[in-house]
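Residue numbering for the sequence shown follows numbering that gives the first Met the number 0, starting at 0 and increasing by one per position. Glycine included, every Cβ here is placed at the ideal spot set by N, Cα and C. See structure below.
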Amino acid sequence: MYYNHLSRKERYQIFVLLQAGKNKKEIAQLLNRHPSTISREIKRNSKPNQAYQAHDAVTLARKRRKNSGNGKPIESSVWRQVEKYLMLYYSPEQIAARLKKVSVQSIYNYLYQNKARYEQFK
């Protein structure tokens, strides 16, 4: 399913329309968005016990987007352990189960990025 993030302009429009007394469903129709999109936007990007503010919403959304996707980097000592287990022909699934500090997908990504080094393990 295709979707896109609310723009800064849309966030300011939501703010103005709320100030004008429009409800979430009316705002959704005016912005050609689903009512749940508007509801989630107001819930996620309002400060506690305060009315929705466009400037705050833009800041909070930008901060959340910046922090998404990447978890903590995995320490080199963990990668050395991963390599040790790879040399012993453990599968990424077995390694992830043993170490618990690295996911199966992270191990596969690591192998893909370093595939010339690990061709022998195929």
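* Quick one: residues in its chain with C-beta nearer than 8 Å to the C-beta of Gln104, no 5 flanking neighbours on either side, listed in chain order? => Position 105 of the sequence shown, counted from the start, is the residue given in the question as residue 104. Once the five neighbours on either side are set aside, Gln104 has no close Cβ partner at all.
* With a CB to CB cut of under 8 Å and the five nearest residues on each side skipped, what residues in its chain are close to Tyr77? -> Along the sequence shown, read from residue 1 onward, the residue named residue 77 stands at position 78. In the sequence under discussion, the amino acid at residue 77 is Val, which differs from the Tyr named in the question. Leu98, Lys100, Val101, listed in sequence order.
* Does DSSP put Val77 in a helix, in a strand, or in coil? -> Against the sequence shown, residue 77 aligns to sequence position 78. Helix.
* Quick one: what's got a C-beta closer than 6 Å to Ile37's C-beta in the same chain, skipping five residues either side? -> Here residue 37 refers to the residue found at position 38 of the sequence shown. Within the same chain, Ile37 has close Cβ partners Lys23, Ile26, Ala27.
* Alpha-carbon spacing of Ile94 relative to Arg116, whole angstroms -> Numbered from 1 along the sequence shown, position 95 holds the residue referred to as residue 94. Numbered from 1 along the sequence shown, position 117 holds the residue referred to as residue 116. Distance between the alpha carbons of Ile94 and Arg116: 18 Å.
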